[in-house]
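**Q** Each residue of the sequence shown is one higher than the last, beginning at 1 in the UniProt record's numbering. By construction, the Cβ of each residue, glycine as well, lies at the ideal position given by its N, Cα and C atoms. Fair warning: this is a prediction, and the values are worked out from it, not measured in the lab.
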Amino acid sequence: MALSDLTADDLGQLESELAAQYAALGDRGLSLDLTRGKPSPEQLDLSERLLSLPGEGDHKAGKTDVRNYGGGAGLPELRAIMAELLGVDADRVIAQDNASLSIMYDLLSFSMLFGTPDSERPWKDEPKLRWLCPVPGYDRHFGITEALGIEMIPVSLDEGGPDMDEVEHLVATDPSIKGMWCVPIYSNPTGTVYSDHTVSRLARMSAAAPDFRVIWDNAYVVHTLTEDFPKVPDVDTLAAEAGHPNRFLQVCSTSKITFAGAGVSFLSSSRENLDWYLGHTGIRSIGPNKVNQLAHARFFGDAEGVRSHMQKHRQIVAPKFEAADAALRRRLGGHDVVARWSRPEGGYFIDLEVPDGTATETVRLAKEIGVALTPAGSAYPYGQDPDDRHIRLAPTLPPLAEVETAMDVVGLCALLAACRTARDGM
Ligand code: PMP
Numbered sequence: 001m002a003l004s005d006l007t008a009d010d011l012g013q014l015e016s017e018l019a020a021q022y023a024a025l026g027d028r029g030l031s032l033d034l035t036r037g038k039p040s041p042e043q044l045d046l047s048e049r050l051l052s053l054p055g056e057g058d059h060k061a062g063k064t065d066v067r068n069y070g071g072g073a074g075l076p077e078l079r080a081i082m083a084e085l086l087g088v089d090a091d092r093v094i095a096q097d098n099a100s101l102s103i104m105y106d107l108l109s110f111s112m113l114f115g116t117p118d119s120e121r122p123w124k125d126e127p128k129l130r131w132l133c134p135v136p137g138y139d140r141h142f143g144i145t146e147a148l149g150i151e152m153i154p155v156s157l158d159e160g161g162p163d164m165d166e167v168e169h170l171v172a173t174d175p176s177i178k179g180m181w182c183v184p185i186y187s188n189p190t191g192t193v194y195s196d197h198t199v200s201r202l203a204r205m206s207a208a209a210p211d212f213r214v215i216w217d218n219a220y221v222v223h224t225l226t227e228d229f230p231k232v233p234d235v236d237t238l239a240a241e242a243g244h245p246n247r248f249l250q251v252c253s254t255s256k257i258t259f260a261g262a263g264v265s266f267l268s269s270s271r272e273n274l275d276w277y278l279g280h281t282g283i284r285s286i287g288p289n290k291v292n293q294l295a296h297a298r299f300f301g302d303a304e305g306v307r308s309h310m311q312k313h314r315q316i317v318a319p320k321f322e323a324a325d326a327a328l329r330r331r332l333g334g335h336d337v338v339a340r341w342s343r344p345e346g347g348y349f350i351d352l353e354v355p356d357g358t359a360t361e362t363v364r365l366a367k368e369i370g371v372a373l374t375p376a377g378s379a380y381p382y383g384q385d386p387d388d389r390h391i392r393l394a395p396t397l398p399p400l401a402e403v404e405t406a407m408d409v410v411g412l413c414a415l416l417a418a419c420r421t422a423r424d425g426m
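1. Where S40 and E241 are concerned, what is the direct C-alpha to C-alpha distance, given to the nearest angstrom?
2. Cβ of Y138 within 6 Å of any heavy atom in the ligand PMP?
3. Look at the Cβ atom of A95, then the Cβ atom of F266, and state whether they are nearer than 7 Å.
4. Rounded C-beta distance between G263 and S253? I'm assuming under 8 Å.
5. On a CA-only basis, which of F212, Q293 and R36 is nearest L108? Give me that one, please.
6. Please identify the residue among E345, A379 and G72 whose C-alpha is closest to the C-alpha of G279.
7. Given P154, which residues of its chain have a CB within under 7 Å of its CB, disregarding the five upstream and five downstream residues?
8. Inspect the beta-carbon positions of S206 and K128 and report whether they are closer than 7 Å.
9. Taking 7 Å as the cut-off, decide whether the C-beta atoms of Y194 and G161 are in contact.
10. With distances taken between CB atoms, is the gap from R389 to D356 smaller than 7 Å?
11. Terminal residues of the continuous beta strand (DSSP E) containing F266?
12. If you drop the 5 nearest sequence neighbours on each side, which residues of the same chain put their C-beta closer than 8 Å to that of L170?
13. Do the region 412-419 and the region 358-371 meet, that is, are 3 or more Cβ pairs less than 8 Å apart?
14. What are the uninterrupted segments assigned as beta strand (DSSP E) that are 3 or more residues long and contained completely in the region 236-302, given in chain order?
15. Say whether the region 271-286 touches the region 218-225, bearing in mind that this needs 3 or more beta-carbon pairs closer than 8 Å, one atom from each stretch.
16. With respect to the beta strand (DSSP E) encompassing V193, which residues constitute its N-terminal and C-terminal limits?
17. Does the distance between the C-beta of S268 and the nearest non-hydrogen atom of the ligand PMP fall short of 6 Å?
18. By DSSP's criteria, C182 is part of a beta bridge. Which residues make up the other side?
19. Would you report the Cα separation of I215 and V251, rounded to the nearest angstrom?
20. From this set, G37, L3 and M112, which residue's C-alpha is nearest T190's C-alpha?
21. Closer than 6 Å to a non-hydrogen atom of the ligand PMP - does that hold for the CB of S342?
22. Mapping DSSP to helix, strand and coil, what is R340?
23. Out of L44, R79 and H59, which has the shortest C-alpha to C-alpha gap to D302?
24. Comparing the CB of L11 with every heavy atom of the ligand PMP, is any distance shorter than 6 Å?
25. When every heavy atom of the ligand PMP is checked, does at least one fall within less than 6 Å of the C-beta of D97?
26. Between M82 and the rest of its own chain, which residues show a CB-CB distance below 6 Å, the 5 nearest in sequence each way excluded?
27. May I ask whether a heavy atom of the ligand PMP can be found less than 6 Å away from the beta carbon of G37?
28. Taking Cβ positions, are F321 and L397 nearer each other than 7 Å?
29. Spatial neighbours of F248 within its chain, please: CB distance less than 7 Å, with the 5 preceding and 5 following residues excluded, ordered by chain position.
30. State buried or exposed for L113, treating a residue as buried only when at least 16 other CB atoms are found within 10 Å of its CB.
31. Pairs of beta-carbons, one from the region 289-308 and one from the region 49-63, closer than 8 Å: are there three or more?
32. Starting from the Cα of V88, find the closest Cα among E126, V232 and G377 and give me that residue.
33. Measure the alpha-carbon distance for P210 versus I257 and round it to whole angstroms.
34. The alpha helix (DSSP H) with R79 in it runs from where to where?
35. Starting from the C-beta of Q43, find all residues in its chain whose C-beta is less than 6 Å away, skip the five residues before and the five after it, and write them out in chain order.
36. Determine the burial state of N246: buried for a count of at least 16 other Cβ atoms within 10 Å of its Cβ, exposed for fewer.
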């Protein structure tokens, strides 16, 4: 039954039952953490062999001695593997150091300082800079644009991707909009997969800014929770056909394939964009860590090696998502108007939507009894969810039993907060 159908007395009764359960859970002295999308130790163990690779005496990749300086674009062996997974030519992918977030930061800072190949001037010399942010989205993306003083405009992320009517309108009419964040596959935090139609519209739409860019963050490109892998659209070809060859800057990494923090990141884009990027990185570094790249190439073997490795991750991660879903259903399922949540087929997150105005209180209640959640609002630019409705849940890191308990607490807190708000509103 929906809370709004309850009488004041029934609501009061429910609230005191929930408050008693809350107090009992509080007595357990919990200390659980669902804040960040980190791999669990068991997932990291899957890549333990990487620590002994490439191994003493194995330091040649073709003619390249990986121990030495140079090779700014990264090792062809590893680029070929990622290119196959992305469905692009190997010469359209470069391999870099450990974090795709660093590539994204570079892409924007190089654009600010020097402009892109299509810019009339460095972005820092533009009177105003704006950026589209599908919401809910990834807080660290928003952190980059905020740090660089780029005004963020939220656009709603619907089932098949961003609201394209709004995106097309804004991008076509406002030349100060220089770009857009996108996580096209198993989006953080909603798990959304962009539809073919959305991708095609993004590739084809006209932009008032000649140097409009889409940062196409494919962080979860192979991170399936099912037996199947998602289809990966070839955005560069689509955009080039529409006359926008430099529009997409696609990034990904092995952070959640091998070691978060010690993986390899990748950039895929047009030849012109890659040359532009490498021209700037060639000034700030004499080359990436090719030893780690060779270790990864040896570890995976080929693209199929990556896929089978990801299926091992799935065996560890999928049960946690199932347990999370079951716990939320147990707590909130009978009150289906109270909350809804995503049931992603991949990625690292669940997006929990609670009644308007109760996300902050839900997070506070959970924290009080030892369950740490990402702050409400963090999936929005400037940390401001205008409806105070979304909570990002990250079930990968804790052991399965802890996920169950933590999600039970989240469900209870969401219901308690909703009850109190409904009673206050009576
Ligand atoms: N993009 C998205 C959408 C992510 O969720 C994450 C990790 N949480 C990253 C990028 C970070 O990737 P990396 O470790 O390669 O910097």
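**A** Reading it off the structure:
1. To locate residue 40, count along the sequence shown from 1; it is residue 40. To locate residue 241, count along the sequence shown from 1; it is residue 241. Taking the straight line joining both Cα atoms gives about 42 Å.
2. Locating residue 138 in the sequence shown gives position 138, where the first residue counts as 1. Yes - the ligand PMP has a heavy atom lying nearer than 6 Å to the Cβ of Y138.
3. Counted from its first residue, the sequence shown places residue 95 at position 95. Counted from its first residue, the sequence shown places residue 266 at position 266. For A95 and F266, yes; Cβs fall inside 7 Å.
4. On the sequence shown, residue 263 is found 263 positions in, with the first residue counted as 1. On the sequence shown, residue 253 is found 253 positions in, with the first residue counted as 1. Confirmed, about 5 Å.
5. Here residue 108 refers to the residue found at position 108 when the sequence shown is read from its first residue. Comparing Cα-Cα distances from L108 to each of F212, Q293 and R36, the minimum goes to F212.
6. As a first step, residue 279 must be located in the sequence shown, where it is residue number 279. Measuring from the Cα of G279, the nearest candidate turns out to be G72.
7. Position 154 of the sequence shown, counted from the start, is the residue given in the question as residue 154. For P154, where only same-chain residues beyond five positions count, the Cβ hits under 7 Å are C133, V135, Y380 and P381.
8. Your numbering for residue 206 matches position 206 in the sequence shown. Your numbering for residue 128 matches position 128 in the sequence shown. No; because the gap between Cβ atoms is not below 7 Å, this pair is not in contact.
9. Position 194 of the sequence shown, counting from 1, holds the residue named residue 194. Position 161 of the sequence shown, counting from 1, holds the residue named residue 161. In contact: Y194 and G161 (Cβ atoms closer than 7 Å).
10. Along the sequence shown, one-based indexing puts residue 389 at 389. Along the sequence shown, one-based indexing puts residue 356 at 356. Contact: yes.
11. Reading the sequence shown from its first residue, position 266 is the one you call residue 266. Here the beta strand (DSSP E) through F266 covers S265 to S268.
12. Mapped onto the sequence shown, residue 170 falls at position 170. Taken in chain order, the residues that qualify are L132, I153, V155 and I177.
13. yes
14. 248-253 and 265-268
15. no
16. Looking up residue 193 in the sequence shown gives position 193. Neither: V193 is in no beta strand (DSSP E) and is coded neither H nor E.
17. The sequence position of residue 268 within the sequence shown is 268, counting from 1. It does not: the Cβ of S268 is nowhere closer than 6 Å to a heavy atom of the ligand PMP.
18. Here residue 182 refers to the residue found at position 182 when the sequence shown is read from its first residue. DSSP lists W216 as partners of C182.
19. For the purposes of this step, residue 215 is taken as residue 215 along the sequence shown, with counting starting at 1. For the purposes of this step, residue 251 is taken as residue 251 along the sequence shown, with counting starting at 1. So the alpha carbons of these two residues sit roughly 8 Å apart.
20. Here residue 190 is taken as the residue at index 190 of the sequence shown, counted from 1. For the residues G37, L3 and M112, the minimum Cα distance to T190 belongs to G37.
21. Looking up residue 342 in the sequence shown gives position 342. S342 Cβ: outside cutoff for every heavy atom of the ligand PMP.
22. As a first step, residue 340 is located in the sequence shown; it is residue number 340 there, counting from the start. Looking at R340 - three-state DSSP - the assignment turns out to be strand.
23. Your numbering for residue 302 matches position 302 in the sequence shown. Among L44, R79 and H59, the Cα nearest to that of D302 is on R79.
24. Within the sequence shown, the letter at position 11 stands for residue 11. Checking the Cβ of L11 against the ligand PMP gives no.
25. Reading the sequence shown from its first residue, position 97 is the one you call residue 97. Result no, Cβ not under 6 Å from the ligand PMP.
26. The count along the sequence shown starts at 1 and reaches residue 82 at position 82. Within the same chain, M82 has close Cβ partners V93 and F266.
27. Counting from one through the sequence shown, the residue named residue 37 turns up at place 37. At least one heavy atom of the ligand PMP is nearer than 6 Å to the Cβ of G37, so yes.
28. Within the sequence shown, numbered from 1, the residue matching residue 321 stands at position 321. Within the sequence shown, numbered from 1, the residue matching residue 397 stands at position 397. No. Outside cutoff.
29. As a working note, residue 248 is residue 248 in the sequence shown. So the list reads V214, W216, V235, D236, A239 and S269, once near-sequence residues are dropped.
30. Translated into the one-based positions of the sequence shown, residue 113 becomes position 113. The residue is exposed, with fewer than 16 neighbouring Cβ atoms inside 10 Å.
31. yes
32. Against the sequence shown, residue 88 aligns to sequence position 88. Closest by alpha carbon: V232.
33. As a working note, residue 210 is residue 210 in the sequence shown. As a working note, residue 257 is residue 257 in the sequence shown. If I take the Cα positions, the gap works out to 36 Å.
34. As a working note, residue 79 is residue 79 in the sequence shown. Looking at the DSSP string, the run of the alpha helix (DSSP H) that includes R79 is P76 to L86.
35. Translated into the one-based positions of the sequence shown, residue 43 becomes position 43. Contacts found: H313 and I316.
36. If you number the sequence shown from 1, residue 246 lands on position 246. By the neighbour-count rule (16 or more Cβ atoms within 10 Å), N246 is buried.
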